[in-house]
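Asker: The structure under discussion is supplied below as C-alpha cells; questions concerning it will follow.
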Amino acid sequence: MNASFFIRLKAFGVDYILIALYLIFLLTIGVFLFPNPQSLISDSFIKSQIFSFLILTLPVSLYFIIFDSSLGKQTVGKRLLGIQVVNQHGAPLSIKRSIIRTSLKFLPWELSHFLVYRFVYVPEQDWTIYVYLVMFLTYGLIFIYLLTAIFTKHKQSLYDLLTKTEVIKK
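Oh and the sequence shown: position 92 is 92 in the UniProt record's numbering, straight run, nothing missing.
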C-alpha cells in the first residue's frame, strides 16, 4: 500500500529536523573557524553557488541518496513512520535510481539557491528573462510535485513518476 502525502510529509519533517541540526552544526563551526564567512564568497555569485552546493545541497542529497537506496533502505524519518521508497517491482532503489530521484527531488531547492544569489548580487533592473524563467520553473516544480503526490493514484510525486519509484508503507 502506498504512503499518503501526509505520512510522507511527516517523514520528511523528521528528516528535515536532522538537516536543521546539520545546518546548526555548520553555523556553529563556521562562527569559530570563519568569523567573517562573507569574505569567503562575497566576490562572486558563482563562487557562492558552488560553496553552498558543496556544504548544503551535496551533503543533504547524499543523505537521501544513501538512505533511500538499497544501502540504507530508509531515511530516519521514513524508518520512524514505517515507509520506504521502492522501484516499480517493490525492491529497494539502486544507487543510480536514488541519485536521479534525489536530484529531481531537490532541483527546486538548488534552483532557489541559484535565485537567491542572483537576488543578492544582481540589481533587479539587471535581471534578465532567465531569472524570471528560473523563478517560474522553481515554483512550478514545487507546485507540480505537491499536486502529483496528493492526487495521483499511487501518491507519487512527479520525480517518483519519472524515476518509476513509489513510497510504500512497510
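The C-beta atom is built at its ideal place from N, Cα and C for all residues, glycine as well.
Which same chain residues, not among the five before or five after Thr152, have their C-beta less than 8 Å away from its C-beta?
Answerer: Here the question's residue 152 lines up with position 152 in the sequence shown. Cβ within range, chain order: Leu161.
Asker: Is it right to say Thr28 is buried, meaning 16 or more other beta carbons lie within 10 angstroms of its own, or is it exposed?
Answerer: To locate residue 28, count along the sequence shown from 1; it is residue 28. By the neighbour-count rule (16 or more Cβ atoms within 10 Å), Thr28 is not buried but exposed.
Asker: Determine the direct distance from the alpha carbon of Ser48 to that of Leu26, and round the result to whole angstroms.
Answerer: The residue labelled residue 26 in the question sits at position 26 within the sequence shown. The residue labelled residue 48 in the question sits at position 48 within the sequence shown. If you take the alpha carbons of Leu26 and Ser48, they lie about 16 Å apart.
Asker: In the DSSP assignment, find the unbroken beta strand (DSSP E) run with residue 224 in it and report its ends.
Answerer: Outside the displayed span of the chain (1 to 170) sits residue 224, for which this structure offers no information.
Asker: Take Pro108 as the anchor and find which of Leu21, Tyr159, Phe32, Ile129 has the nearest alpha-carbon.
Answerer: In the sequence shown, the residue the question calls residue 108 occupies position 108. Of the candidates Leu21, Tyr159, Phe32, Ile129, the one whose C-alpha sits nearest the C-alpha of Pro108 is Tyr159.
Asker: When we look at the beta-carbon of Ala11 and count the other beta-carbons within 10 Å, is it buried (16 or more) or exposed?
Answerer: As a first step, residue 11 must be located in the sequence shown, where it is residue number 11. Burial call: buried.
Asker: Under 8 Å, do Asn87 and Leu81 count as touching if we go by C-beta distance?
Answerer: Taking the sequence shown and counting its residues from 1, the one referred to as residue 87 is at position 87. Taking the sequence shown and counting its residues from 1, the one referred to as residue 81 is at position 81. Going by C-beta atoms, Asn87 is not nearer than 8 Å to Leu81.
Asker: Roughly how far, in whole angstroms, is the beta-carbon of Ile65 from the beta-carbon of Ser44, given that I think they are within contact range, below 8 Å?
Answerer: Within the sequence shown, numbered from 1, the residue matching residue 65 stands at position 65. Within the sequence shown, numbered from 1, the residue matching residue 44 stands at position 44. So it is not a contact: roughly 28 Å between Cβ atoms.
Asker: Quick one: give me the first and last residue of the alpha helix (DSSP H) that Gln84 is part of.
Answerer: For the purposes of this step, residue 84 is identified with residue 84 of the sequence shown, where counting begins at 1. Taken as a continuous stretch (DSSP letters only), Gln84 belongs to no alpha helix (DSSP H), being part of the beta strand (DSSP E) at 83 to 87.
Asker: Short of 6 Å in beta carbon distance, which residues of its chain neighbour Lys105, apart from the five on each side in sequence? Order them along the chain.
Answerer: Translated into the one-based positions of the sequence shown, residue 105 becomes position 105. Here the set comprises Tyr159.
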